[in-house]
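What follows is a short report on a single structure.
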């Protein structure tokens, strides 16, 4: 029984080390698509802005944690850094920081669509399965 567990563990480690093409992009896109649906479902503009703000901050927090993980390769860290930079620009647009004009209350639904579309149109993201799994786990646990 112990030999089977050890063998299973070794096989899992090899599987987790395989690269996955664009897997992270789909999870991030789904996360923001869910946030956009929540924004469109509410009428209160303060709640809309809060949903957008918290979704951007939440994903940035998750990506910070994944990027600082010792299991993440330098290449994964670079890709995650580019995603975080893109999210920071969107956060600045939403709040009107760093030279951006704040997104008007009447445009919050459109802005939520813009965030989702920008994730769809982003360059192909290649991250390892380990990074993808960490992102998924942290999104589920923290957000």
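Numbering (this note's numbering), first residue to last: 1078 to 1220.
No residue lacks a Cβ here, since even glycine has one placed at the ideal position from N, Cα and C.
Just so it is clear, the structure is predicted and the values come from calculations on it, not from any experiment.
Handout entry: Whole-angstrom C-beta distance between residue 1189 and residue 1112, which should lie under 8 Å
Key = Along the chain shown, read from residue 1 onward, the residue named residue 1112 stands at position 35. Along the chain shown, read from residue 1 onward, the residue named residue 1189 stands at position 112. With a Cβ gap of about 7 Å, residue 1112 and residue 1189 count as contacting.
Problem - Inter-residue spacing [alpha-carbon to alpha-carbon] between residue 1119 and residue 1185 - result: Taking the chain shown and counting its residues from 1, one reaches residue 1119 at position 42. Taking the chain shown and counting its residues from 1, one reaches residue 1185 at position 108. So the alpha carbons of these two residues sit roughly 11 Å apart.
Practice task
With distances taken Cα to Cα, identify the nearest neighbour of residue 1170 among 1163, 1162, 1180.
Solution key: The count along the chain shown starts at 1 and reaches residue 1170 at position 93. Among 1163, 1162, 1180, the Cα nearest to that of residue 1170 belongs to 1180.
Handout entry: residue 1176 (DSSP reduced to helix, strand or coil)
Key = In the chain shown, residue 1176 corresponds to position 99, counting from 1. Residue state, collapsed to three classes: coil.
Exercise for the section: Enumerate in chain order the residues of its own chain whose CB-to-CB distance from residue 1140 is below 7 Å, with the five nearest sequence positions on each side excluded. Expected result: Walking along the chain shown from the start, residue 1140 turns up at place 63. Once the five neighbours on either side are set aside, the close Cβ partners of residue 1140 are 1157, 1160, 1161.
Handout entry: Cutoff 6 Å; reference residue 1192; Cβ partners in own chain excluding five residues on either side
Key = Residue 1192 sits at position 115 when you count from the first residue of the chain shown. Once the five neighbours on either side are set aside, the close Cβ partners of residue 1192 are 1109, 1167.
Problem - Option nearest residue 1126 by Cα separation, candidates 1116, 1106, 1135 - result: To locate residue 1126, count along the chain shown from 1; it is residue 49. Relative to the Cα of residue 1126, the nearest Cα in the group 1116, 1106, 1135 belongs to 1116.
Handout entry: Residues of its chain near residue 1182, where Cβ-Cβ distance is below 8 Å and the 5 sequence neighbours each way are ignored
Key = Position 105 of the chain shown, counted from the start, is the residue given in the question as residue 1182. Counting only Cβ-Cβ distances below 8 Å, and skipping sequence neighbours, we find 1122, 1125, 1126.
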